[in-house]
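The listed protein sequences correspond, in order, to chains A and B. Using my numbering, the first residue of the first sequence is number 2, and each one after it goes up by one. Using my numbering, the first residue of the second sequence is number 406, and each one after it goes up by one.
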Amino acid sequence: MATGKEIKLKIRTVSNIKKITKTMEMVSVSKMKKMINRATASKEYAVKALQLLANLSLERDISHPLLETGKGEKNLVVVYASNKGLCGGFNANLSKKLQEITKNKKRELEVITIGKQAERAARRAELNIVASFIDFNEKTGSDQFFSLQKTILNLFATGQYHEVWMLYTEFQSAVSYVPVNYKILPPDINNLKHFFLDKEREERYEHKLKSLERYKFEPSEQEVLSKIIPEIVHACLYYAHLESQASEHSARMFAMKNASDNAGGLVDDLTLQYNKARQAAITQEISEIVGGAEALN
Amino acid sequence: MAKKSIQFHIVTPERKIFSQEVLEVTVPTTNGYVTILPNHIPMVSIISVGELRVKLSDGEMHPFAISSGILEVQPSSKVVILADRSEFATEIDISRAEEAYKRAEEAMKVAHDAADVDYARFEALMEKELNRIHVAKRWK
Numbered sequence: 002m003a004t005g006k007e008i009k010l011k012i013r014t015v016s017n018i019k020k021i022t023k024t025m026e027m028v029s030v031s032k033m034k035k036m037i038n039r040a041t042a043s044k045e046y047a048v049k050a051l052q053l054l055a056n057l058s059l060e061r062d063i064s065h066p067l068l069e070t071g072k073g074e075k076n077l078v079v080v081y082a083s084n085k086g087l088c089g090g091f092n093a094n095l096s097k098k099l100q101e102i103t104k105n106k107k108r109e110l111e112v113i114t115i116g117k118q119a120e121r122a123a124r125r126a127e128l129n130i131v132a133s134f135i136d137f138n139e140k141t142g143s144d145q146f147f148s149l150q151k152t153i154l155n156l157f158a159t160g161q162y163h164e165v166w167m168l169y170t171e172f173q174s175a176v177s178y179v180p181v182n183y184k185i186l187p188p189d190i191n192n193l194k195h196f197f198l199d200k201e202r203e204e205r206y207e208h209k210l211k212s213l214e215r216y217k218f219e220p221s222e223q224e225v226l227s228k229i230i231p232e233i234v235h236a237c238l239y240y241a242h243l244e245s246q247a248s249e250h251s252a253r254m255f256a257m258k259n260a261s262d263n264a265g266g267l268v269d270d271l272t273l274q275y276n277k278a279r280q281a282a283i284t285q286e287i288s289e290i291v292g293g294a295e296a297l298n
Numbered sequence: 406m407a408k409k410s411i412q413f414h415i416v417t418p419e420r421k422i423f424s425q426e427v428l429e430v431t432v433p434t435t436n437g438y439v440t441i442l443p444n445h446i447p448m449v450s451i452i453s454v455g456e457l458r459v460k461l462s463d464g465e466m467h468p469f470a471i472s473s474g475i476l477e478v479q480p481s482s483k484v485v486i487l488a489d490r491s492e493f494a495t496e497i498d499i500s501r502a503e504e505a506y507k508r509a510e511e512a513m514k515v516a517h518d519a520a521d522v523d524y525a526r527f528e529a530l531m532e533k534e535l536n537r538i539h540v541a542k543r544w545k
């Protein structure tokens, strides 16, 4: 049995760990709240941009190079995960989903990864990584996503890809987040609709589409579409980042909460062990003294 | 049904900037300034760098600095502006905008020898910052 001193040391270590995990939990709570607020604020823009495209595409046959599937055979997937670990099953779930997609693929896949863990997941799935972004975090603003948007548009313009998809963790509530994938290029209204709209919004949206009038384009249809489609891609990429961040912090919050709770339990167990060890030592000493005294008599 | 006011929204990827019933909206598009009154026909246009003016229901003018984006005039007097960035004129911090302008100017000098893409980007950035300064000063 361990001595009192050893146990005491262990208790101190575990309580220190508990302090750290507790702090990380608090930090994640505040970051998660911030990300949820930003995601909600950004949703408005994405929904409006998408509605605009929906309005236009329903009214007449619009055509634009970015609305056609590419000539290439491969599909490009943008994968969002975290840079840091210690966030429970967040990255593992995403990695699992990526492997599932890879297994069921109909076409060759190539990936753009966001976050170090996404890069690792892509390696594990033995996918070709076209580009890897590791400097996006919870402070990243929407304008920093133009570099990613440009990269994707340029790659798509080369014609080597068929479609562009994105895979990220959708934040459904504080306790539920699931990896999802959506097609972003060419933008498919029916697919993206579920991405932005919840049930209640969807009904209003359907209703709106019925009452359409003819839109006038200024300066020209092609120029306007050349502006709108990249905007939608940008909005999607940014929104996915915010959702992924919100999920990551929420996952980390729960992982850290569990860790703190476990550490608490461990401290209790160790304290009990320490008390027992101390009591055993006292009992032993007394019996030694009593034994010694008896021997003298 | 003729309406007397416009339901007007400005949204950016970061947040919703403005959402109110207004009388008229003057927007800098790539084809020049366009004023939209209630019951305008549905239209889609591209916004360029400039000053966006909104006439509120009490007749007061509400100026915004805007860099680029999309203007959508929807049926039944609803106007939506999807802006990359937009600010209410009096909320612009002039000294900070001037600093940003200087930074862009310096970056442009450095980029002068580099790729054309960089040069064009900094030029656009300078134009945006200059616009913010102008708009902010005019409405101070």
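Using N, Cα and C, we set each Cβ at its ideal position, and we do this for glycine too. Note that the coordinates shown come from a computational prediction; the quantities given were computed from them, not determined experimentally.
Assumed close pair residue i, residue j - CB separation to whole angstroms, cut-off 8 Å
| i | j | result |
| --- | --- | --- |
| residue 421 of chain B | residue 45 of chain A | 5 Å |
| residue 425 of chain B | residue 483 of chain B | Rounded, the Cβ-Cβ distance is 12 Å, inconsistent with contact. |
| residue 540 of chain B | residue 456 of chain B | 5 Å |
| residue 487 of chain B | residue 475 of chain B | 5 Å |
| residue 492 of chain B | residue 485 of chain B | That belief does not hold up - the Cβ atoms of residue 492 of chain B and residue 485 of chain B are roughly 18 Å apart, past 8 Å. |
| residue 436 of chain B | residue 220 of chain A | 6 Å |
| residue 462 of chain B | residue 428 of chain B | 6 Å |
| residue 168 of chain A | residue 240 of chain A | Not confirmed; about 14 Å, so no contact. |
| residue 29 of chain A | residue 250 of chain A | 5 Å |
| residue 187 of chain A | residue 54 of chain A | Going by Cβ atoms, the distance from residue 187 of chain A to residue 54 of chain A rounds to 11 Å, so no, they are not a contact pair. |
| residue 86 of chain A | residue 162 of chain A | Not confirmed; about 31 Å, so no contact. |
Simplified DSSP assignment, three categories, for residue i
| i | result |
| --- | --- |
| residue 458 of chain B | strand |
| residue 174 of chain A | strand |
| residue 534 of chain B | helix |
| residue 271 of chain A | helix |
| residue 221 of chain A | coil |
| residue 65 of chain A | coil |
| residue 433 of chain B | strand |
| residue 231 of chain A | helix |
| residue 44 of chain A | helix |
| residue 19 of chain A | helix |
| residue 37 of chain A | helix |
| residue 286 of chain A | helix |
| residue 410 of chain B | coil |
| residue 249 of chain A | helix |
| residue 465 of chain B | coil |
| residue 12 of chain A | helix |
| residue 24 of chain A | helix |
| residue 499 of chain B | helix |
| residue 528 of chain B | helix |
| residue 216 of chain A | coil |
| residue 49 of chain A | helix |
| residue 256 of chain A | helix |
| residue 85 of chain A | coil |
beta-carbon residue i near the ligand MN non-hydrogen atom, thresh 8 Å
| i | result |
| --- | --- |
| residue 410 of chain B | You won't find the ligand MN in this model; it holds no ligand whatsoever. |
Cα-Cα separation between residue i and residue j, rounded to whole angstroms
| i | j | result |
| --- | --- | --- |
| residue 272 of chain A | residue 17 of chain A | 15 Å |
| residue 261 of chain A | residue 92 of chain A | 21 Å |
| residue 264 of chain A | residue 83 of chain A | 25 Å |
| residue 136 of chain A | residue 171 of chain A | 20 Å |
| residue 133 of chain A | residue 113 of chain A | 6 Å |
| residue 155 of chain A | residue 12 of chain A | 57 Å |
| residue 504 of chain B | residue 496 of chain B | 16 Å |
| residue 4 of chain A | residue 19 of chain A | 23 Å |
| residue 532 of chain B | residue 431 of chain B | 20 Å |
| residue 252 of chain A | residue 259 of chain A | 11 Å |
| residue 509 of chain B | residue 215 of chain A | 42 Å |
| residue 142 of chain A | residue 440 of chain B | 31 Å |
| residue 140 of chain A | residue 281 of chain A | 55 Å |
| residue 8 of chain A | residue 256 of chain A | 26 Å |
| residue 100 of chain A | residue 76 of chain A | 15 Å |
| residue 174 of chain A | residue 37 of chain A | 10 Å |
| residue 267 of chain A | residue 89 of chain A | 20 Å |
| residue 494 of chain B | residue 103 of chain A | 50 Å |
| residue 121 of chain A | residue 283 of chain A | 55 Å |
| residue 127 of chain A | residue 408 of chain B | 60 Å |
| residue 153 of chain A | residue 6 of chain A | 60 Å |
Residues that residue i bridges to, as DSSP identifies them
| i | result |
| --- | --- |
| residue 415 of chain B | B:423, B:486 |
| residue 472 of chain B | Residue 472 of chain B is not bridged to any residue. |
| residue 441 of chain B | B:430 |
| residue 477 of chain B | B:449, B:485 |
| residue 80 of chain A | A:114, A:168 |
| residue 179 of chain A | A:171 |
| residue 297 of chain A | Answer is none; residue 297 of chain A lacks a bridge partner. |
| residue 186 of chain A | A:165 |
| residue 75 of chain A | A:162 |
| residue 491 of chain B | B:471 |
In chain order, what are the residue ranges of uninterrupted beta strand (DSSP E) at least 3 long that sit wholly in the segment 114-144 of chain A?
129-134
Could you tell me which whole alpha helix (DSSP H) segments of length 4 or greater appear in the segment 87-116 of chain A?
91-104
Considering only residues of the segment 141-167 of chain A, which uninterrupted beta strand (DSSP E) runs meet the minimum length of 3 residues and lie entirely inside it, listed in chain order?
none
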